[in-house]
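A.B. asks: Pasting a structure below so you can have a look.
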Amino acid sequence: MNEEVVQEIISRKPELKAAKAKLLSMQPGNFCIHQSWGFGQIKDFDAADTKLIIDFEGKEGHRMDPGFCVATMQVLPPDHLLVRKETDPAGLDDLVANHPTDLIVELLKQYESQAASTTEIESVLSRVIGPIKFKKWWTATKKLLAKDPRVAVPPRKTGVYVLRDQPISFEEEVIEEYNSTQSAKRRVVLAEQLLDTAKEKTELHETLAVVLHTLATAVKDSNQLTTGEKLKGAWIRNDLAIILEVDVEQFEPSLIDLVSQTSELALLIEELPTNQQTRALNLIKESHPADWKDLVFSLLKTSSGKFTTDCVNFLIENELTKELQDTLNRWQTEQNIKEPVLLWIVKNRNSKKYGSLIHDMILPRLLNSIFFAIDYEALQSASSRRIPLADALSDDLELIPDLLAQANAETARDLANNLLLNQGFENLTKKSLLARFIKIFPGVQSLLDGVQQEKAEGLFVSRTSYDKAVAEYEDISHKKIPENSKAIAEAREHGDLKENSEYKMAKQDQAVLMGRKNMLELDLQRAQITDFSEAGLEVVGIGCVVTLTNESTNEEITYTVLGAWDGDPDNQIISYKTPLGMGLLGKKVGDESTINIDGEETTRKVKSIARYVDLVKS
4 MNEEVVQEII SRKPELKAAK AKLLSMQPGN FCIHQSWGFG QIKDFDAADT KLIIDFEGKE
64 GHRMDPGFCV ATMQVLPPDH LLVRKETDPA GLDDLVANHP TDLIVELLKQ YESQAASTTE
124 IESVLSRVIG PIKFKKWWTA TKKLLAKDPR VAVPPRKTGV YVLRDQPISF EEEVIEEYNS
184 TQSAKRRVVL AEQLLDTAKE KTELHETLAV VLHTLATAVK DSNQLTTGEK LKGAWIRNDL
244 AIILEVDVEQ FEPSLIDLVS QTSELALLIE ELPTNQQTRA LNLIKESHPA DWKDLVFSLL
304 KTSSGKFTTD CVNFLIENEL TKELQDTLNR WQTEQNIKEP VLLWIVKNRN SKKYGSLIHD
364 MILPRLLNSI FFAIDYEALQ SASSRRIPLA DALSDDLELI PDLLAQANAE TARDLANNLL
424 LNQGFENLTK KSLLARFIKI FPGVQSLLDG VQQEKAEGLF VSRTSYDKAV AEYEDISHKK
484 IPENSKAIAE AREHGDLKEN SEYKMAKQDQ AVLMGRKNML ELDLQRAQIT DFSEAGLEVV
544 GIGCVVTLTN ESTNEEITYT VLGAWDGDPD NQIISYKTPL GMGLLGKKVG DESTINIDGE
604 ETTRKVKSIA RYVDLVKS
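Residue numbers (the numbering used here): 4 to 621.
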């Protein structure tokens, strides 16, 4: 479009006068980004129709009104990264691969304010580099940008990247932010970033001495910091003091004070970065000389992830390998070994370093502990989150064969049954895992066939009895079992388990509760709710009221045959699954049936059959 055409467009739409420069930039050959159609190139202008002809990705030759494009389309300058991707791909690839921070500087220059939000930058980069490669590239580049003096990096993702007028060193930027913030938490984070600088740049020691003083004050007096954050801050304080050749003994509180004064060591460990957790174990040993072993074993018991390995390594380094082995075996025997520790065991069972430590645990009973832990985790979790131990059992094709290596057929069948009743697995996963059992012990197939047959048969139940069973299942799963778990934990604290009656009773209760839960779960899966309206009058069926008579005495007795869970003997209501109910099903008027009344068998004739729903309505 030339100026004459643009003036004609403006004359028709005077409101476009302020956009004259933008209209003039809409020349064939220029690249653009449209808010709906994305990246494209202006190919031509149809003067007769006053339309731009633009090739967009996946939509070539698209005709658009220039006046409409003023608000919806941006014409890109020749040095824009997206344009360079088309006109100089080799040069752009070199920037991406070898000069990533220069690429960001070039990008920021293209904004009028020489600043852009994280969202704006990521939107361009994903197009320039590609949506898959970009994520890893951007993660690495952000770390480089943090030390680039040309770019001010925002402390939060919602902030803005700014191209500085004058470059400023990374150290100067951190010190500037440190001095400007009043947040003790932020000062701890920033002081940590200055540790490497303190080692390398002695010219900053005078400034860092002020940082040390204010950091020490924050650790001592701030009520913003948790104990874990204070411990981290105290470590940084001491490390910085050593670099600056300042006596750490003058600082309060000391590292030992912070650890010895807390009764929540597990919470303290959780607050620390993973790279400081091993350091914390050494500090626990120093601050608790009398009982550090018990404390570390207690932390191991509730540990997870990398910290589990840290605890194991710490105990081995302190020549407690035999005690560690005995403790792990005892926890397993007591069925008191937690899911993350079990996960560590199965993942390290073949490792050179830990294999001998846990070799004797790779037995069928460990698989039982695994099933119990997975079931427990599923019960405790209100969400549908993944259970890592369950994933490991599914993904590790050799784990079940390893654990069943010393099992017999009966043990394998019991374990397979526990798997079938476990609610930590989806049905398809259960079948896949059972296939591994069957490969070693073919007899387990009959167990699976029996369950499938039971499920196919189903259980006919009334809505009232179904709701009651669901309520019982929820009560057992979410109240009674968690309460029982707490009771077991409390009883275990009372000492020797062999003489601990409270512990034995709690474990017995646990077996009863788990058995009842598993039975309810299986039954609820089979349950088919009925209102008994399909009952007929030809033969006795579920939902029938049948009157029986003793022909020699003319004595009559009436039974109502209802669902599997509807039995009420005091009111002559029987479940169709009882022996009496099963004996009556299929009988016609005039047929005889042998029934047991008060322990005595008698023969009665079916006198009449009625429908339960009809009698209830009347």
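Note that beta-carbon positions come from the ideal geometry of N, C-alpha and C, so glycine has one too.
#1: Using a Cβ-Cβ cut-off of 6 angstroms (strictly less than) and excluding sequence neighbours within five positions of Lys88, which residues of its own chain qualify?
#2: Which same chain residues end up closer than 8 angstroms to Asn241 when comparing Cβ atoms and leaving out the 5 residues on each side of it in sequence?
#3: Whole angstroms are fine: how far does the CA of Ile532 sit from the CA of Arg614?
#4: Going straight from the alpha carbon of Ile272 to that of Gly231, what length do you get?
#5: If the criterion is Cβ atoms closer than 7 angstroms, does the pair Ala187 and Val214 meet it?
#6: Given that a residue counts as buried once 16 or more other Cβ atoms are within 10 Å of its Cβ, and exposed if not, what is Ala21?
#7: In the DSSP output, which residue or residues are listed as bridge partners for Asp571?
#8: Could you spell out where the beta strand (DSSP E) holding Val2 opens and where it closes?
#9: I'd like the span of the alpha helix (DSSP H) that includes Gly43, first residue to last.
#10: Starting from the Cα of Lys309, find the closest Cα among Gly566, Glu115 and Ile348 and give me that residue.
#11: Please state the DSSP three-state secondary structure of Phe173.
#12: Is it the case that the segment 536 to 552 contacts the segment 439 to 446, given that we only count it when at least three CB pairs across the two stretches are under 8 angstroms?
#13: Mind checking whether Ser126 and Phe137 have CB atoms under 7 angstroms apart?
#14: By the three-class DSSP mapping on this structure, what secondary structure does Thr53 have?
#15: Using CA atoms only, rank isn't needed, just tell me which of Leu275, Val163, Gln185 and Glu206 is closest to Glu175.
#16: Kindly indicate which residue of Ala74, Gln196 and Met4 has the alpha-carbon position closest to the one of His37.
#17: Just the C-alpha distance for Phe300 and Asn521, rounded to the nearest angstrom, thanks.
#18: Can you confirm whether the segment 512 to 529 touches the segment 416 to 428 when touching is taken to mean that 3 or more C-beta pairs between the two stretches lie within less than 8 angstroms?
#19: Examine the Cβ distances between the segment 502 to 515 and the segment 478 to 491 and report whether three or more of them are shorter than 8 angstroms.
#20: Whole angstroms is fine: what's the gap from Glu203's alpha carbon to Phe375's?
#21: Name, in chain order, the residues that DSSP records as bridge partners for Asp58.
#22: With a threshold of 16 other CB atoms inside 10 Å of the CB of Lys482, please say whether the residue is buried or exposed.
#23: What's the C-alpha gap between Pro17 and Ile57?
#24: With distance defined between alpha-carbon atoms, name the residue in Asp105, Ser28, Leu587 and Pro103 nearest to Met76.
#25: Using beta-carbon positions only, say whether Gly589 and Ser468 come within less than 7 angstroms of one another.
#26: If you drop the 5 nearest sequence neighbours on each side, which residues of the same chain put their C-beta closer than 7 angstroms to that of Leu3?
#27: Out of Leu418, Tyr476, Val464 and Phe463, point me to the one whose CA is closest to Leu451's CA.
#28: Taking the alpha carbon of Gly43 as the reference point, which residue from Cys72, Ser263 and Lys23 has its own alpha carbon closest?
#29: Between Gly41 and the rest of its own chain, which residues show a CB-CB distance below 7 angstroms, the 5 nearest in sequence each way excluded?
#30: Label Leu587 either buried or exposed according to how many other C-beta atoms from any shown protein chain fall within 10 Å of its C-beta, with 16 as the threshold for buried.
#31: Would a check of beta-carbon distances place Ala492 closer than 7 angstroms to chain D?
C.D. replies: Walking through what the data contain:
#1: Leu95 and Val131
#2: Val251, Phe254 and Leu258
#3: 17 angstroms
#4: 7 angstroms
#5: Contact flag unset, no.
#6: The residue is exposed, with fewer than 16 neighbouring Cβ atoms inside 10 Å.
#7: Ile576
#8: Examination of residue 2 is not possible in this model, given that the chain is present from 4 through 621 alone.
#9: Element bounds for Gly43: not the alpha helix (DSSP H) but the beta strand (DSSP E), Gly41 to Asp49.
#10: Looking at the Cα atoms, Ile348 is the closest of the given residues.
#11: helix
#12: Taking a cut-off of 8 angstroms for Cβ pairs, the segment 439 to 446 and the segment 536 to 552 do not touch, as fewer than three such pairs fall below it.
#13: no
#14: coil
#15: Glu206
#16: If you compare the alpha carbons of Ala74, Gln196 and Met4 with that of His37, the shortest gap goes to Ala74.
#17: Looking at the two C-alpha atoms, the distance is approximately 33 angstroms.
#18: yes
#19: Judged by Cβ distances under 8 angstroms, the segment 502 to 515 makes contact with the segment 478 to 491, as three or more pairs qualify.
#20: 54 angstroms
#21: Gln44
#22: Counting C-beta atoms within 10 angstroms of its own C-beta, Lys482 has fewer than 16 neighbours from the protein chains shown and is therefore classed as exposed.
#23: 25 angstroms
#24: Ser28
#25: no
#26: Residue 3 falls outside the range modelled here, since the chain spans only 4 to 621, and no answer is possible.
#27: Looking at the Cα atoms, Leu418 is the closest of the given residues.
#28: Per the Cα distances, Cys72.
#29: Excluding sequence neighbours, Gly41 sits near Phe59 and Glu60.
#30: buried
#31: This model lacks chain D altogether; it includes just one protein chain.
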